[in-house]
Amino acid sequence: MNPNISLQNGELVTILTKKREAPFISLRWVLLVTYVIIGVIPLLLMANTILHSIQGYFVEERKKELLSEANVIAGQLASYDFFTNAENQESLEEMVLKTSQDEDFRVLVLDASARVVYDTGYEEVGKTYLVPEVLEALQDKDVAREQRNGTVYAAASIVGSGSQHDGVVFIADSLQDVDATVGDIASKAYIMMVTLLVIVIIVMIIMSKMFTEPLKRMIKVIQKMAEGHLEQRLEIKNQTHNEIVDLALACNHMADQLEKVDSSRQQFVSNVSHELKTPLSSIKVLSESILLQEEVPKEMYVEFLHDINSEIDRMSAIINDLLTLVKLDQKEIPLNFAETDLNKVMEDIIKRMTPLAAAKQIQIHYSKEKEVLAEADEMKLTLAISNLVDNAIKYTPEGGNVTVVLDADHQNAFITVTDTGIGIPEDEINRIFERFYRVDKTRDRETGGTGLGLSITYATVMMHNGSIKVNSKEEEGTSIQMRIPLHQNS
Numbered sequence: 001m002n003p004n005i006s007l008q009n010g011e012l013v014t015i016l017t018k019k020r021e022a023p024f025i026s027l028r029w030v031l032l033v034t035y036v037i038i039g040v041i042p043l044l045l046m047a048n049t050i051l052h053s054i055q056g057y058f059v060e061e062r063k064k065e066l067l068s069e070a071n072v073i074a075g076q077l078a079s080y081d082f083f084t085n086a087e088n089q090e091s092l093e094e095m096v097l098k099t100s101q102d103e104d105f106r107v108l109v110l111d112a113s114a115r116v117v118y119d120t121g122y123e124e125v126g127k128t129y130l131v132p133e134v135l136e137a138l139q140d141k142d143v144a145r146e147q148r149n150g151t152v153y154a155a156a157s158i159v160g161s162g163s164q165h166d167g168v169v170f171i172a173d174s175l176q177d178v179d180a181t182v183g184d185i186a187s188k189a190y191i192m193m194v195t196l197l198v199i200v201i202i203v204m205i206i207m208s209k210m211f212t213e214p215l216k217r218m219i220k221v222i223q224k225m226a227e228g229h230l231e232q233r234l235e236i237k238n239q240t241h242n243e244i245v246d247l248a249l250a251c252n253h254m255a256d257q258l259e260k261v262d263s264s265r266q267q268f269v270s271n272v273s274h275e276l277k278t279p280l281s282s283i284k285v286l287s288e289s290i291l292l293q294e295e296v297p298k299e300m301y302v303e304f305l306h307d308i309n310s311e312i313d314r315m316s317a318i319i320n321d322l323l324t325l326v327k328l329d330q331k332e333i334p335l336n337f338a339e340t341d342l343n344k345v346m347e348d349i350i351k352r353m354t355p356l357a358a359a360k361q362i363q364i365h366y367s368k369e370k371e372v373l374a375e376a377d378e379m380k381l382t383l384a385i386s387n388l389v390d391n392a393i394k395y396t397p398e399g400g401n402v403t404v405v406l407d408a409d410h411q412n413a414f415i416t417v418t419d420t421g422i423g424i425p426e427d428e429i430n431r432i433f434e435r436f437y438r439v440d441k442t443r444d445r446e447t448g449g450t451g452l453g454l455s456i457t458y459a460t461v462m463m464h465n466g467s468i469k470v471n472s473k474e475e476e477g478t479s480i481q482m483r484i485p486l487h488q489n490s
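According to our numbering, the sequence shown is numbered sequentially starting from 1.
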């Protein structure tokens with residue numbers, strides 16, 4: 001069962017659920033957050049890495065320094081036989097104590113069994129000091145390491161005569177000064193980071209506003225256009241050309257086209273009203289003439305009914321052409337593409353049009369340059385070409401000429417219809433495919449037609465992915481060339 005339908009007391013109840021709208025997230029804040037994430041977080045990571053590197057460098061230097069001091073003291077103790085010569089012990093202890101006080105670290109002297117013989121701190125004397133650094137030094141491996149408690153241990157072996165390890169010099173030093181130095185650097189770095197962050201945020205707010213404000217103006221203009229105010233336009237102030245300016249120009253161009261379409265629609269409605277009103281007015285006049293007269297002869301009845309029938313036929317032709325155009329516009333009429341012999345199509349059209357031309361003593365000259373096969377909808381293409389030839393005959397004076405040429409290259413077929421008619425003014429050439437447009441306004445009733453033939457031709461050619469080119473000169477004639485691709489892309 002549909003989740004929006006339920007039964008209550010035997011009655012069918014439909015529950016309407018409102019679709020949840022996605023929350024609005026301003027592009028301005030998205031840009032700001034993105035800039036901060038991309039710009040600041042990597043900088044913080046880099047600063048943290050640099051601070052760790054600085055601290056590591058200071059610790060390594062301290063380890064080297066302490067190990068060097070331990071080796072110096074161990075060398076002096078070995079030179080004066082600290083463990084065997086009691087006379088030198090006191091002076092050597094004073095020397096070690098002075099070094100410890102000057103450098104501010106603690107020194108322990110241990111014998112070969114890791115027992116503390118001397119301690120500048122006087123706390124560990126007589127105790128066994130079994131730390132890893134001491135044990136490694138007793139094995140002739142001088143070493144210095146950072147400890148977890150924030151100190152550095154350095155141990156150097158005391159080598160006596162015969163290369164025997166008489167003992168170890170052990171130095172312990174705090175890293176508080178290193179931490180203080182690194183902390184001072186870090187505090188200054190973080191102050192700079194905060195300052196930079198504030199600057200970045202201010203700059204990003206300004207930049208994001210520069211990006212989003214034009215978009216907001218565009219949205220307002222588009223909303224007003226959607227309400228029917230097609231005169232709205234975006235004011236472009238930017239001196240530089242960028243994507244925002246392109247978008248604004250495209251929006252203004254869209255507004256121009258919509259206004260043109262709206263104007264064309266209004267003109268079309270006006271033209272349709274005029275075209276349909278004329279035959280209706282004629283029918284009304286003819287019918288009233290019969291109704292208002294008494295004892296009208298049969299011949300007049302017949303004549304008036306013939307005229308009324310002609311006007312009805314004209315209205316039917318207009319309506320049928322309008323329906324054809326609407327269907328073409330809405331792609332409701334499918335095109336049945338098939339391989340079509342254009343030579344045969346052209347010959348059939350010329351055969352049908354020859355009596356019309358002969359009635360005006362017009363000669364039709366047909367020239368085919370080669371055999372042409374094209375993928376086309378034969379019925380619709382025949383109608384389009386017939387409209388061109390029919391127009392050429394209508395607008396060519398008696399005794400004139402109409403020339404039809406069929407040619408092709410390896411991609412397209414070209415159908416050219418040339419007449420020696422009244423021609424088209426240069427400023428009106430682009431309008432001949434408009435609906436109900438006629439070049440000679442004074443002859444629209446004489447030449448007949450609905451004024452929609454060329455519009456149907458243009459729509460048909462466009463649906464065949466082709467094109468139309470017009471060349472004309474007043475009082476000399478017109479040449480219209482249709483281009484139809486030989487193969488349609490599926």
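Even for Gly, the Cβ is constructed at its ideal location relative to N, Cα and C.
Give the straight-line distance between the Cα atoms of residue 243 and residue 337, rounded to the nearest whole angstrom.
41 angstroms
Who does residue 471 pair with in a DSSP beta bridge?
479
Take residue 446 and list the residues in its own chain whose beta-carbon comes closer than 8 angstroms to its own, dropping the five residues that flank it on each side.
Any reading at residue 446 must be qualified, since the residue scores a pLDDT of 49, below 50, and its modelled position is unreliable; the value itself is stated next. Excluding sequence neighbours, residue 446 sits near nothing in its chain.
Completely contained beta strand (DSSP E) runs for the stretch 59 to 141, where each covers 3 or more residues
If only complete runs of 3 or more residues are kept, the stretch 59 to 141 shows the beta strand (DSSP E) at 106 to 111, 116 to 119, in order along the chain.
From residue 399 to residue 433, what distance separates their C-alpha atoms?
Taking the Cα positions, residue 399 is about 27 angstroms away from residue 433.
Length of the line joining the Cα atoms of residue 205 and residue 482
56 angstroms
Mark residue 150 as exposed unless 16 or more other C-beta atoms lie within 10 angstroms of its C-beta, in which case mark it buried.
By the neighbour-count rule (16 or more Cβ atoms within 10 Å), residue 150 is not buried but exposed.
Leaving out the 5 sequence neighbours to the left and right, which residues in its chain are closer than 7 angstroms to residue 80 when beta-carbon positions are compared?
88, 92
In three-state DSSP terms, what is residue 216?
helix
On the CB-based measure, 16 or more other CB atoms within 10 Å of its CB, does residue 153 come out buried or exposed?
buried
Measure the alpha-carbon distance for residue 77 versus residue 132 and round it to whole angstroms.
22 angstroms
In this structure, how does DSSP classify residue 363 when only helix, strand and coil are distinguished?
strand
For the putative contact between residue 407 and residue 369, defined by C-beta atoms under 8 angstroms, what is the C-beta separation to the nearest angstrom?
4 angstroms
Check the C-beta distance from residue 388 over to residue 480 and give it rounded, since I have them as a contact under 8 angstroms.
6 angstroms
Quick one: what does DSSP say residue 510 is sitting in, helix, strand or coil?
Residue 510 lies beyond the residue range present for the chain, which begins at 1 and ends at 490; the question has no answer from this structure.
Among residues of its own chain, excluding the 5 on either side of residue 67, which ones have a beta-carbon nearer than 7 angstroms to its beta-carbon?
142, 144, 154, 156
From what residue to what residue does the alpha helix (DSSP H) around residue 458 run?
453 to 463
Give me the Cα-Cα distance between residue 473 and residue 220, rounded to the nearest whole angstrom.
47 angstroms
Determine, using beta-carbon pairs with one atom in the stretch 117 to 125 and one in the stretch 173 to 181, whether at least three such pairs fall under 8 angstroms.
no
Cβ shell of residue 73 (< 7 angstroms), same chain only, five flanking positions each side left out
96, 99, 107, 169
Apply the 10 Å Cβ neighbour rule to residue 52 and answer buried if 16 or more other Cβ atoms are within range, or exposed otherwise.
exposed
With 16 as the cutoff for other CB atoms within 10 Å, does residue 341 come out buried or exposed?
exposed
Is it buried or exposed for residue 410, if we count other Cβ within 10 angstroms and need 16 for buried?
Residue burial is scored here from C-beta neighbours: residue 410 has fewer than 16 other C-beta atoms within 10 angstroms and is therefore classed as exposed.
Quickly, what does DSSP pair residue 370 with across the bridge? List them, please.
As computed with DSSP, residue 370 is found in no beta bridge at all.
Leaving out five residues before and five after residue 391 in sequence, what residues of the same chain have Cβ atoms less than 7 angstroms from its Cβ?
453, 454
Beta-ladder partner(s) of residue 406, from DSSP
368, 415
From residue 208 to residue 199, what distance separates their C-alpha atoms?
Whole-angstrom Cα-Cα distance: 14 angstroms.
Inter-residue spacing [alpha-carbon to alpha-carbon] between residue 458 and residue 216
40 angstroms
Report the option in 172, 308, 202 whose CA atom is closest to the CA atom of residue 32.
202
Bridge partners of residue 340, per DSSP?
374
With residue 230 and residue 262 assumed to form a contact (beta carbons below 8 angstroms), what rounded beta-carbon distance in angstroms separates them?
Sure, about 6 angstroms apart at Cβ, within 8 angstroms.
In angstroms, rounded to a whole number, what distance separates the CA positions of residue 253 and residue 189?
52 angstroms
Between which residues of its own chain and residue 376 is the CB-CB distance below 7 angstroms, once the five residues before and five after are set aside?
337, 340, 464, 484
Is it buried or exposed for residue 380, if we count other Cβ within 10 angstroms and need 16 for buried?
buried
Any idea what DSSP makes of residue 430, helix, strand or coil?
helix
How should residue 344 be labelled, buried or exposed, when 16 other C-beta atoms within 10 angstroms of its C-beta is the threshold for buried?
exposed
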